[in-house]
Amino acid sequence: MSWKLPPARNASNSPKSSRSRSCRRRPSSPTTMEEPMRYTDDVQTSSPSSGTCGPAMGLDMGPDTGTQCSAASLQAQVNDMETALARALNDLALIRRRAALDVSNAHMTAIADLGKALLAFKDAIEAAITVDTRDVNALRAGLELALLQLIAVLERSRRRIHELDTAQQTRVQP
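Right, dumping it as structure tokens:
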């Protein structure tokens, strides 16, 4: 990126002011993006790091010290914002990975629950087959109960899997 610096101020175009032209920045945490912006002279800063402009930062203290101070503070602000952006993007990627893992685990749990419920249905069918009965109506009643059990299992699992699929489709896509 290329940044254009404002024109250097000299005695002819600088505003007359009795206050000192110090560019001190308040110390703050570089990870907070909600910090209110403050204005120093005509430069907007978010106080990215502590320090002063001038010899402490290795800057030449010539006649255009205000411009150098502004450039240094703006560069520090840009660096801090780039760091905050990188951290936010990493956090977003981590959240997406965790959400995908949660959906995957929910699908596995739904499949395991379906398997357990189908085992109960299988046991009911096996019990109906092993019973030695000459009465067809009793066999039919047992099979109807097993069918109702199967329908209930499939309905529960279909509803749960449909909810999981809907949740997966509505999540934020990268």
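Take 1 as the starting number for the sequence shown in this note's numbering and just add one per residue. Every residue gets a Cβ at the ideal spot worked out from N, C-alpha and C, and that includes glycine.
Check this for me: beta carbons of T153 and A127, under 8 Å apart or not?
Within the sequence shown, the letter at position 153 stands for residue 153. Within the sequence shown, the letter at position 127 stands for residue 127. Per the sequence shown, residue 153 should be read as Val rather than Thr. Cβ distance not < 8 Å, so V153 and A127 don't count as in contact.
Three-state secondary structure assigned by DSSP to T130
Your numbering for residue 130 matches position 130 in the sequence shown. Correct three-state label for T130: helix.
Taking buried to mean at least 16 other C-beta atoms within 10 Å of its own C-beta, is Q75 buried or exposed?
Position 75 of the sequence shown holds residue 75. Exposed, by the Cβ-count rule.
Please classify S70 as buried or exposed, where buried requires at least 16 other C-beta atoms within 10 Å of its C-beta.
Here residue 70 refers to the residue found at position 70 of the sequence shown. By the neighbour-count rule (16 or more Cβ atoms within 10 Å), S70 is buried.
Taking only three categories from DSSP, how would you classify S91?
Here residue 91 refers to the residue found at position 91 of the sequence shown. Checking the sequence, you will find Asp at residue 91 rather than Ser. In the structure shown, D91 sits in a helix (DSSP, three-state: H, G or I).
Taking only three categories from DSSP, how would you classify D102?
Working through the sequence shown from its first residue, we reach residue 102 at position 102. Here D102 sits in helix by DSSP.
Please work out which residues of its chain come closer than 8 Å, Cβ to Cβ, to A124, disregarding the five sequence neighbours upstream and downstream, and give them in chain order.
Counting from 1 along the sequence shown, the entry for residue 124 is found at position 124. For A124, where only same-chain residues beyond five positions count, the Cβ hits under 8 Å are G142, L145, A146 and Q149.
Where S104 falls, given that 16 or more other Cβ within 10 Å makes a residue buried:
Start at 1 with the first residue of the sequence shown, and residue 104 comes out as number 104. So S104 ends up on the exposed side.
Per DSSP, what kind of secondary structure is D123 in: helix, strand or coil?
Within the sequence shown, the letter at position 123 stands for residue 123. Residue state, collapsed to three classes: helix.
Spatial distance of A110 from R96 (CA atoms):
On the sequence shown, residue 110 is found 110 positions in, with the first residue counted as 1. On the sequence shown, residue 96 is found 96 positions in, with the first residue counted as 1. Those two C-alpha atoms are separated by around 21 Å.
D102 to A112 span [Cα, whole Å]
Indexing the sequence shown from 1 puts residue 102 at position 102. Indexing the sequence shown from 1 puts residue 112 at position 112. Cα to Cα, D102 sits roughly 15 Å from A112.
Roughly how many angstroms separate the alpha carbons of G115 and V78, rounded to a whole number?
In the sequence shown, the residue the question calls residue 115 occupies position 115. In the sequence shown, the residue the question calls residue 78 occupies position 78. Between G115 and V78, the C-alpha separation is close to 55 Å.
Proximity to R159 [Cα-Cα], best of D132, N137 and H107
Residue mapping note: residue 159 aligns to position 159 of the sequence shown, counting from 1. Minimum Cα distance to R159 is reached at H107.
A72 classed as buried or exposed, judged by whether at least 16 other C-beta atoms fall within 10 angstroms
For the purposes of this step, residue 72 is taken as the residue at position 72 of the sequence shown. That one is buried.
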